[in-house]
Every structure is written in C-alpha cells, then in structure tokens.
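Inspection log for the structure reproduced underneath, given as structure tokens.
In this note's numbering, the protein residues as written are 7 to 140.
Now the structure itself:
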C-alpha cells in the first residue's frame, strides 16, 4: 500500500503539480497583474520559490542516501546545473532575437519550468526514499 501512493505520484505528476502552493501563488500573482511585466515578475517569483523547493528536496534526499547514493546525487545535481545554465543561455539567446514583448514572459516561463521540473523530480525521489525507510 505504501508503494501505491508513490506509483500514483509517478504516473500522474501533472495532477500533483497542479495543487502545489507555488503554482497556486503564481496563479494569484497573474490574476493580480496579467500584463507582460506582471507575468515576468510572477515567473521570477515562482523561480525563486522553486529553487528553494529544489534545495529543500535535495537536502531531504541526501539525508536518506548511503555514501554511494550521495555521491551519485551530487554528480547528478552538478550535471543538471551545467545543463540548466546552458539551457537558460539558449532560451535567453533564442527569445532575445524574437520580436514582441510576450516572448519575455515565454522565456521566463521556460526558465522557471526547468527548475520546477528538477524540484519535483527530487521531491519524488525523496518521497520514495522516505517510504522505503518506513
């Protein structure tokens, strides 16, 4: 039974994501100011929140791993950071060449989603380690 919850989380991540407090706050921020500037600000705020969430789950996961697992996670996280930085550079360069103010919001969304997806991935892994330990 304890694995059923984990399986549901892995099968339906979109459902789990919709209810996340960061997403709820993001929606409220957009409702308050749906201008391009407001959207970019909402995404930047969400990015900071997702980064904190990522770090929280990274630490939680590290606490539940053995020495080899910690080394693997550390290597994986370092590789992800390199990927993230290169992908953000690519996104910024691409959208800088496209005309129209809306592309600033699209660029901000893409950058935010990189961190959000990694945070959720680490969260699922940390939950699995926690369930396995019980």
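We put the CB at the ideal spot given by N, CA and C, even for glycine.
Give me the Cα-Cα distance between residue i and residue j, rounded to the nearest whole angstrom.
| i | j | result |
| --- | --- | --- |
| residue 119 | residue 77 | 26 Å |
| residue 129 | residue 64 | 8 Å |
| residue 73 | residue 99 | 39 Å |
| residue 133 | residue 42 | 36 Å |
| residue 48 | residue 75 | 35 Å |
| residue 95 | residue 112 | 14 Å |
| residue 28 | residue 131 | 19 Å |
| residue 38 | residue 123 | 25 Å |
| residue 61 | residue 125 | 8 Å |
| residue 90 | residue 135 | 25 Å |
| residue 12 | residue 106 | With a pLDDT of 41 at residue 12, under the threshold of 50, the predicted position of this residue should be treated as unreliable, though the coordinate-derived value follows. Roughly 42 Å separates the two Cα atoms. |
| residue 14 | residue 59 | Since pLDDT at residue 14 reaches only 44, below the 50 mark, its modelled position is unreliable, and no value is offered. |
| residue 36 | residue 87 | 28 Å |
| residue 85 | residue 66 | 19 Å |
Mind checking whether residue i and residue j have CB atoms under 8 Å apart?
| i | j | result |
| --- | --- | --- |
| residue 117 | residue 53 | yes |
| residue 6 | residue 46 | The chain is shown only over 7 to 140; residue 6 falls outside these bounds and no answer can be derived. |
Under the assumption that residue i contacts residue j (Cβ atoms under 8 Å), give the Cβ distance between them as a whole number of angstroms.
| i | j | result |
| --- | --- | --- |
| residue 50 | residue 115 | Wrong, their Cβ atoms sit about 11 Å apart, outside the cutoff. |
| residue 121 | residue 57 | 5 Å |
Just to confirm the assignment: which complete alpha helix (DSSP H) runs, minimum length 4, are found wholly within the region 70-118? The region 70-118 contains these whole alpha helix (DSSP H) runs: 73-102.
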